[in-house]
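All residue numbers for the sequence shown refer to the numbering used here, where the first residue is 2 and numbers rise by one.
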Amino acid sequence: MITCYALLRKVGSNLYLSPYLDPEKVALMEKDTSVVLKSSGMLTKAQKDEASFSLYSAIDFSVDRWIQDKQYIPRLLICAVVFMVTYFFMSLAIRDPIPMVDETLGSTGLTIFCWVMLAKRDTRSSLALERRYELKGAAGSPDYQQQEELFALETFLQDIASLDLHDVCDTLCLVTKEPFVLLSDDQKGPWAKEFLELLELHLKIRQGNLWRYYRNLRSVRASGRAHIKLSQRLFHLAMQQKLDLPLLALVVALSEQAG
2 MITCYALLRK
12 VGSNLYLSPY
22 LDPEKVALME
32 KDTSVVLKSS
42 GMLTKAQKDE
52 ASFSLYSAID
62 FSVDRWIQDK
72 QYIPRLLICA
82 VVFMVTYFFM
92 SLAIRDPIPM
102 VDETLGSTGL
112 TIFCWVMLAK
122 RDTRSSLALE
132 RRYELKGAAG
142 SPDYQQQEEL
152 FALETFLQDI
162 ASLDLHDVCD
172 TLCLVTKEPF
182 VLLSDDQKGP
192 WAKEFLELLE
202 LHLKIRQGNL
212 WRYYRNLRSV
222 RASGRAHIKL
232 SQRLFHLAMQ
242 QKLDLPLLAL
252 VVALSEQAG
């Protein structure tokens, strides 16, 4: 079974988390595997459409990565042959005052062009199209289930968005010693760890900037020492609306309580 999660937000974009963003898992998924989409409550038609679009986008991304990795060696060999043939052809056909410069630049440019075109061809191959069709067929009609524990995460995001940004940054960077309270003991379980893994995967693939600050914060909080400069940096980015501070706070809190 493939488990996906919908995290609905009043401030910021809704999040739809799934293992479809992992090319390695996509390569092993069976076409008849059932898909479950869990949310804190009933989804509206617009939210279901939004979820489907998000899952389809994740499938397209992973299938492209999967097929390109699968065809990496053949593509590399073809490009190597193109480089060598172009280089020797230009060496014999073109005489220039500075040897090797034109040959190297021309061969490199043609090789890069060949690499890009072959990569595009691979993503449009019958194998890739068939894989997309199989996965999207299951993702397009998931089994919608309610999981009340997700409401605590959504409430956390809403609460953080209403707090003073400077105080949140200081708390994240241990400038102040106020802990985050997120999940109660009866809410913790395998689902929370699974949710955290999917959220980390989402940040790593979709929000690289947030992922980097998350890793920095993990190091800071593991050391137990305050990092005033990082707090100032986070506050500056949050004030410019270049950083999703509530989501950053959520993944940090989850990593310490459910990780």
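For glycine and all other residues, C-beta sits at the position ideal for the given N, C-alpha and C.
Source: prediction; values computed, not measured.
Taken through DSSP and simplified to helix, strand or coil, L183 comes out as coil. Counting only residues of its own chain and dropping the five nearest sequence neighbours on each side, L238 has a CB closer than 7 Å to the CB of L244.
Leaving aside the five residues that flank S232 on each side, the residues in its chain whose CB is nearer than 6 Å to its CB run, in chain order, C170, D171, C174 and V176. For S35, there is no enclosing beta strand (DSSP E), as DSSP marks it with neither H nor E. With contacts defined as CB atoms closer than 7 Å, K137 and Y57 qualify as a contacting pair. Contact between I68 and S126 holds, since their C-beta atoms are separated by about 7 Å, short of 8 Å. Close CB contacts of V64 within its chain, under the 6 Å cut and outside five residues either way in sequence, are with A129, R132 and R133 (chain order). Using a Cβ distance threshold of 7 Å, A7 and A47 do not count as a contacting pair.
Under the three-state reduction of DSSP, L164 is assigned to coil, being neither helix nor strand.
Residue environment analysis places A81 among the exposed positions, since fewer than 16 neighbouring C-beta atoms fall within 10 angstroms of its C-beta. Leaving aside the five residues that flank I60 on each side, the residues in its chain whose CB is nearer than 8 Å to its CB run, in chain order, Y21, V27, R133, L136, K137 and A140. Per DSSP, the unbroken alpha helix (DSSP H) holding Q48 starts and ends at K46 to K71. Taking a contact to require three or more Cβ pairs closer than 8 Å, the region 187-202 and the region 149-160 qualify as touching. Assignment of A227 by DSSP, reduced to helix, strand and coil, places it in the coil class. Between the alpha carbons of G107 and Q241 lies a distance of about 44 Å.
Across the structure, I229 and L246 are spaced so that their CA atoms are roughly 16 Å apart.
Bridge pairing for L200: absent [DSSP]. Cβ-Cβ separation between Q159 and D123: approximately 43 Å, too far for a contact (criterion under 8 Å). With a threshold of 16 other beta carbon atoms within 10 Å, I161 meets it and is buried.
Here F84 has S108, T109, L111 and T112 as same chain residues with Cβ atoms under 8 Å from its own Cβ, once five neighbours each way along the sequence are excluded.
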